[in-house]
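Numbering (my numbering), first residue to last: 19 to 328.
We treat Cβ as the ideally placed atom computed from N, Cα and C, and that holds for glycine.
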Amino acid sequence: MSDILKNLSDAMADAVEALKPSLVSVEARRRLPATGIVWSADTIVTANHVVERDDDIHIVLHDGSRHEAKLVGRDGQNDLAVLRVPGANLTPAKWGDNAKLRVGNLVLALGKPGNQVQATLGVVSALVPGVQSPPDEKKGKRGWRRMGRALTDGYVQTDVVMYPGFSGGALVSGDGMVHGLNTSGFETGASVTVPVATIRNTVETLVTHGKVKQGYLGIGVQPVRLPEQVAKAIDQETGLLIISAENDSPAAKAGIFVGDIIVSLDGEGVAHLDELLGLLHGGRVGKTVPVVIVRGGEQRTMQVTIGERQ
19 MSDILKNLSD AMADAVEALK PSLVSVEARR RLPATGIVWS ADTIVTANHV
69 VERDDDIHIV LHDGSRHEAK LVGRDGQNDL AVLRVPGANL TPAKWGDNAK
119 LRVGNLVLAL GKPGNQVQAT LGVVSALVPG VQSPPDEKKG KRGWRRMGRA
169 LTDGYVQTDV VMYPGFSGGA LVSGDGMVHG LNTSGFETGA SVTVPVATIR
219 NTVETLVTHG KVKQGYLGIG VQPVRLPEQV AKAIDQETGL LIISAENDSP
269 AAKAGIFVGD IIVSLDGEGV AHLDELLGLL HGGRVGKTVP VVIVRGGEQR
319 TMQVTIGERQ
């Protein structure tokens with residue numbers, strides 16, 4: 019048994035040592051620096067909420083050298099930000115396949131809020147799917163709500179301890195591969211990791227376009243219980259009551275008013291705010307989709323052209 023524990027301990031320490039060149043300190047706020055992961059030779063990904071300023075950003079490498087970084091763009095939906103260090107020759111992390119991650123796997127959370135890389139050990143406690151379901155699966159899967167936003171592509175939940183400055187750091191599996199970016203920027207007591215696929219999509223989009231599109235209806239909503247007859251008819255207990263609507267907004271142009279209750283968008287049930295926000299992803303911007311509302315106890319289908327949030 020002692021040999022097993024020693025071998026495991028040594029393997030974890032080796033994994034941390036191997037990843038040190040791929041982790042950086044991110045100085046983009048007044049308080050304690052956060053962490054970033056090297057994506058490519060001159061590109062770093064970190065948590066959006068730790069980048070509190072758009073300029074005067076610096077990163078500190080494993081050798082202690084300090085470099086100026088430029089903000090490429092932000093993805094507030096998934097709490098990601100991409101930084102670039104022009105002319106740098108950084109060491110990219112080795113990114114793993116989240117499909118191989120299982121509940122119960124041992125994982126390390128790595129952070130570099132100062133001069134040294136720090137680590138904490140835990141297990142994968144849940145693999146949570148995103149808001150949208152594949153066509154051949156059941157509807158209604160939800161992402162995690164963050165300050166009125168939804169982590170639409172799902173997330174990895176662990177029991178690792180997120181020490182101060184660990185946001186933006188790496189989740190590392192037993193094979194030494196990075197399986198996501200840890201963040202404490204979500205409204206939950208659980209430790210949340212943004213998966214590799216989400217990071218890849220965000221980096222590619224921000225590097226190409228400088229921003230991530232987000233759909234927009236121009237309304238304020240709150241959950242409300244549906245009339246019993248409607249609830250039975252659509253097998254859904256709640257919808258979203260519209261409590262405000264901006265003039266000339268996509269919703270207003272489609273004839274949706276304050277007092278209407280949204281129950282579905284583009285064929286997907288909408289019972290909670292996170293579901294609506296998850297459905298308003300960039301891929302729907304500019305598209306006209308059916309939105310089912312309840313008005314006066316009756317269902318109506320309205321055609322809404324999704325706008326883009328500025």
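- Counting only the Cα atoms, S20 lies some 43 angstroms from N219.
- Per the Cβ contact rule, the stretch 192–204 is not in contact with the stretch 259–275 (fewer than 3 Cβ pairs under 8 angstroms).
- Secondary structure note for P241: its beta strand (DSSP E) is the uninterrupted segment I237 to R243.
- A Cβ-Cβ distance of about 6 angstroms is found for the pair V276 and I261, placing them in contact under the 8 angstroms criterion.
- For I252, the uninterrupted alpha helix (DSSP H) run begins and ends at E246 to I252, by DSSP.
- Uninterrupted alpha helix (DSSP H) stretches at least 4 residues long and entirely within the stretch 264–311 occur at 268–271 and 291–297, given in chain order.
- In the three-state reduction of the DSSP assignment, K112 falls in the coil class.
- Per the Cβ contact rule, the stretch 65–83 is not in contact with the stretch 223–231 (fewer than 3 Cβ pairs under 8 angstroms).
- Of the other Cβ atoms in all chains shown, fewer than 16 fall within 10 Å of the Cβ of P182; this residue is therefore exposed.
- By the CB criterion at 9 angstroms, V239 and L283 fall outside the cutoff.
- Rounded to whole angstroms, the gap between the alpha carbons of V141 and R243 is 37 angstroms.
- Restricting attention to V103, I274, P51 and E255, the CA atom closest to the CA of V309 is found in I274.
- The shortest C-alpha to C-alpha distance from Q95 to any of R313, G300 and V103 is the one to G300.
- A distance of 9 angstroms or more separates the beta carbons of A111 and V210.
- Here T61 is buried. Its C-beta has 16 or more other C-beta atoms within 10 Å.
- For I22, DSSP records no beta bridge to any residue.
- For I217, there is no enclosing beta strand (DSSP E); the residue is part of the alpha helix (DSSP H) that begins and ends at V214 to H227.
- When DSSP states are grouped into helix, strand and coil, S27 belongs to the helix group.
- Proximity of the stretch 46–58 to the stretch 23–33 falls short of the contact definition, fewer than three beta-carbon pairs being nearer than 8 angstroms.
- Contact between G187 and K130 holds: their C-beta atoms lie close to 7 angstroms from each other, under 8 angstroms.
- Look at Q317 here: in three-state DSSP terms it is strand.
- Where E86 is concerned, the enclosing beta strand (DSSP E) starts and stops at R84 to D93.
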